[in-house]
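Engineer: The numbering of the sequence shown is the numbering used here, which starts it at 29 and goes up by one. A virtual CB, placed ideally from N, CA and C, is assigned to each residue, including glycine. Every value quoted in this text rests on a predicted model; they were computed, and no experiment measured them.
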Amino acid sequence: LCDVRRIAAALSRHGERFAERILVEGELATWRQRSARWPERGTRFLATRFAAKEAFSKAIGLGLRSPMRWRDCEVGRLPSGQPTVVLHGALAQWCAARGLVAHLSVSDEGDMACAYCVVELRPGTLAPRMRSAEPSPDF
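Right, dumping it as structure tokens:
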């Protein structure tokens, strides 16, 4: 969940540099086009991408720690218009090594932008061994 007003404030303070930290080149081009025609639409675009990348980073359990970096995670669109996560660099390798596949939904309404991300194992991938919630016998 992302407050569009906070994104607008960050853009006011930092200008285009803020968008350049969050968006990859293709996303930046779309943001610039939308901002030129209707600044509020550009801000909403940036807010939905911010929310989507944050949701993805939490779904994979990393937050914003390496190898998760804003610019290694791109929100693309399938031919149907459905949003999708496109990964680059070390983050792509990290997720591929674990057989992770992401599913994404984004929306905005009023002053809020939201994203929901589900990450699952690619079919045929063995699940990583999870730590037991039970205390170890050494305790």
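What's the call for T71, buried or exposed, on a 16-neighbour Cβ count within 10 Å?
Structural biologist: Buried: at least 16 other Cβ atoms inside 10 Å.
Engineer: Please classify F167: does DSSP put it in a helix, a strand, or coil?
Structural biologist: Caution applies to F167, whose pLDDT of 41 falls short of 50 and renders its modelled position unreliable; the model cannot decide the point.
Engineer: Pick out the complete alpha helix (DSSP H) segments inside the segment 63 to 111, 4 residues or longer, and give them in chain order.
Structural biologist: As far as the segment 63 to 111 is concerned, its whole alpha helix (DSSP H) runs of at least 4 residues are 67 to 87.
Engineer: State the beta-bridge partners of L51 as determined by DSSP.
Structural biologist: DSSP, once it has assigned bridges, lists no residue as partnering L51.
Engineer: Would you identify the three-state DSSP class for L56, choosing helix, strand or coil?
Structural biologist: Helix.
Engineer: Would you kindly work out how many angstroms separate the C-alpha atoms of V113 and L56, rounded to a whole number?
Structural biologist: Spanning the two alpha carbons is a distance of roughly 16 Å.
Engineer: Can you check whether the C-beta of R49 is within less than 9 Å of a C-beta belonging to chain B?
Structural biologist: The structure shown contains no chain B; it holds only a single protein chain.
Engineer: Can you tell me whether DSSP reads L119 as helix, strand or coil?
Structural biologist: Helix, per DSSP.
Engineer: For R105, which residues from the same chain have a beta carbon less than 8 Å from its beta carbon, with the 5 sequence-adjacent residues on both sides left out?
Structural biologist: The answer, listed in chain order, is P111, T112.
Engineer: Determine, using beta-carbon pairs with one atom in the segment 80 to 91 and one in the segment 132 to 151, whether at least three such pairs fall under 8 Å.
Structural biologist: With a cut-off of 8 Å, the segment 132 to 151 and the segment 80 to 91 count as touching, because enough Cβ pairs lie within range.
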